[in-house]
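J.: This is the structure I want to talk about, given as structure tokens.
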Amino acid sequence: MADTEQIPESIAELVPNFQVLKLPMITRFRGITEREIMLVEGPDGWAEFSPFTEYDAAESSRWLRAALDFAGLLPGAAEAGSSAVGHLADTSGRSAAAVRSVAVNATLPACATSEVESILARYGPVGTVKAKVAEHGIDSLPGDLERLREFRRLFPSTTLRLDANAGYTLPEALRACAEFAEFDLQYFEQPVAAVEDMARLREKLDGLPVVLAADESIRKAEDPLRVAELGAAEVVIVKVQPLGGIAAARSIIEACGLPAVVSSALESSVGLAAGAQLAATLPRTPASREILGEHPACGLGTGRLFAEDVVSADLSLSPVDGQIPVTRIVPDPQRLERLAVDPGRFDWWATRLEECWSALRPTLNSRS
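Okay, structure coming up:
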């Protein structure tokens, strides 16, 4: 990595200018109806820094590392090769540059049953849908079941994934798995929070046809390999920003040795572009083919959850026929102006940027 003197004290030396935007959403998702993001531009193009507002500086610093790396602004990245996205290749030898598009799933938020059809209609034809459940823990189960039955009535043959965002206790997760098994799931993502509880849950499923996938356990645990070591899941969900960049995410996939699905952190098209770069080079293994099929749908179709994006609809990374292109995004200057946050929120993000840089900088020094 870079020598200490190459790493500036202030992030302003690396990022003198940035944009902070507020993107309205079509429905409540993760408890919000507007998504605040920061965009930065570097030698390699535009990148997104958008940790959720409740995340502290230490956790958010990984998101900053990902953004700086994707923009070509991370000190020492060129020498270390960490941002050489175009050289990443899957097990068949394809490079990210050679793959023009990747399959994506639609996302069905915790919504009223009457909204299921209209929300999914925004995605057009897709082969896979991920439904959010457990918004209010086990109390949401009756509503979740009603919504999923409506989904299956409308889409009897569409592949279905569920995501609980660690919303259950272990006993609640067992009950939920028993109820959800009727829906023919591809996998159930993060029913409980702790890696150890994920492992216990998998042991207790007792023949239920429910495959477990780990998300929060991968992006938040100190040692992501514990998921594989404990047999806590059969699939890992990886997100570029929370893991610190494309190279970091790829290394975790390789170290875990488990089938992987690349997912969004509720990003604009700029952020989705980094995920698409990684998804284009996912390893194809017998295990991934058995669980996920030949062309796994990644969770990068969330652009359809936004009422506005940083580019026009025809240029955005919203799915068309279940695919998004593998490309970089240049924001529309008029949208940057129109979607800008107010001065108070801009200052809040400016302060946060410096705090995250202060948390990230020592980790860069330690690798020099």
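Going by our numbering, the sequence shown opens with residue 650, and the numbers climb by one from there. Don't be surprised by glycine CBs; every beta carbon is placed ideally from N, CA and C.
1. What span of residues does the beta strand (DSSP E) with residue 833 cover, start to end?
2. For residue 673, which three-state DSSP category applies?
3. When DSSP builds the beta bridges, which residues end up paired with residue 812?
4. Please name the residue or residues paired with residue 668 in a DSSP beta bridge.
5. Identify, in the order they occur along the chain, each residue of the same chain with its Cβ nearer than 6 Å to the Cβ of residue 682, setting aside the five sequence neighbours on each side.
6. Assign residue 779 to buried or exposed, taking buried as 16 or more other Cβ atoms, counted over all protein chains shown, within 10 Å of its Cβ.
7. For residue 653, count the other beta carbons within 10 Å of its own beta carbon; 16 or more makes it buried, fewer makes it exposed. Which is it?
8. Could you tell me which of 663, 942, 786 sits nearest to residue 934, measuring between CA atoms?
9. Pop quiz: residue 916 and residue 699 are said to be a contact at Cβ under 8 Å. What is the actual Cβ separation, rounded to whole angstroms?
10. Using only CA atoms, which one of 918, 691, 877, 893 lies nearest to residue 908?
11. Let me check one thing: in DSSP terms, what residues is residue 974 bridge-paired to?
12. Enumerate in chain order the residues of its own chain whose CB-to-CB distance from residue 758 is below 6 Å, with the five nearest sequence positions on each side excluded.
13. Beta carbon of residue 662: closer than 7 Å to some heavy atom of the ligand ADP?
14. Identify whether residue 760 lies in helix, strand or coil by the three-state DSSP scheme.
15. Enumerate in chain order the residues of its own chain whose CB-to-CB distance from residue 834 is below 8 Å, with the five nearest sequence positions on each side excluded.
16. Find out if the Cβ-Cβ distance for the pair residue 1004, residue 761 is shorter than 8 Å.
17. Strictly by DSSP, which residues pair up with residue 947?
18. Buried or exposed: residue 702, going by 16 or more other Cβ atoms within 10 Å of its Cβ?
19. With distances taken from CA atoms, which of 799, 897, 828 is nearest residue 712?
20. How about residue 928 and residue 888: do their beta carbons lie closer than 8 Å?
21. Curious, which full-length alpha helix (DSSP H) runs of at least 4 residues does the stretch 892-931 contain?
22. If residue 957 and residue 672 are in contact, beta carbons under 8 Å, what's the gap, nearest whole angstrom?
23. Return yes when the Cβ of residue 960 is within less than 8 Å of the Cβ of residue 978, no when it is not.
24. Please say whether residue 912 and residue 949 have beta carbons closer to each other than 8 Å?
25. Quick check on this structure: which residue in 785, 766, 769, 777 has the alpha carbon closest to the alpha carbon of residue 753?
26. Please report the residue range of the alpha helix (DSSP H) in which residue 720 lies.
27. Using only CA atoms, which one of 784, 856, 749, 864 lies nearest to residue 680?
28. Measure the alpha-carbon distance for residue 844 versus residue 926 and round it to whole angstroms.
29. Would you call the stretch 982-1002 and the stretch 812-825 in contact, with 3 or more CB pairs under 8 Å?
T.: Let's see:
1. Counting along the chain, no beta strand (DSSP E) covers residue 833, and no H or E run does either.
2. In the structure shown, residue 673 adopts extended strand secondary structure according to DSSP, grouped into three states.
3. Paired residue(s): 781, 838.
4. Residue 668 is bridged to 688.
5. Shown here for residue 682: same chain residues with a beta carbon closer than 6 Å to its own, the five before and five after excluded, namely 674 in chain order.
6. Residue 779 comes out buried.
7. With a pLDDT of 49 at residue 653, under the threshold of 50, the modelled position of that residue is not reliable, and the figure given next carries that caveat. With a threshold of 16 other beta carbon atoms within 10 Å, residue 653 falls short and is exposed.
8. If we check each option's Cα against that of residue 934, 942 comes out closest.
9. Taking a contact as a CB-CB distance under 8 Å, the pair residue 916 and residue 699 counts as one, their CB atoms being some 6 Å apart.
10. Cα-wise, what sits closest to residue 908 is 877.
11. Beta-bridge annotation (DSSP): residue 974 is paired with 750.
12. Take residue 758, set aside five residues on each side of it, and the residues of its chain with a beta-carbon closer than 6 Å to its own are 676, 678, 781, in chain order.
13. Absent from the structure shown: the ligand ADP. Ligands present: none.
14. Coil at residue 760, not helix or strand.
15. Within the same chain, and ignoring the five residues on either side of residue 834 in sequence, the residues whose Cβ sits closer than 8 Å to its Cβ are 809, 810, 811, 858, 859, 860.
16. Going by C-beta atoms, residue 1004 is not nearer than 8 Å to residue 761.
17. When DSSP reads this structure, residue 947 sits in a beta bridge with 753.
18. That one is exposed.
19. With respect to the C-alpha of residue 712, the residue from 799, 897, 828 having the closest C-alpha is 897.
20. No, they are not a contact pair.
21. Here the runs fully enclosed are 895-905, 918-928.
22. Sure, about 6 Å apart at Cβ, within 8 Å.
23. Yes; because the gap between Cβ atoms is below 8 Å, this pair is in contact.
24. Contact flag set, yes.
25. Taking residue 753 as reference, the option from 785, 766, 769, 777 with the minimal CA-CA separation is 777.
26. For residue 720, the enclosing alpha helix (DSSP H) covers residues 706-720.
27. Checking every option, the nearest Cα to that of residue 680 belongs to 784.
28. Cα to Cα, the separation comes out at about 28 Å.
29. As far as the Cβ criterion goes, the stretch 982-1002 does not touch the stretch 812-825, which means the pair count is below three.
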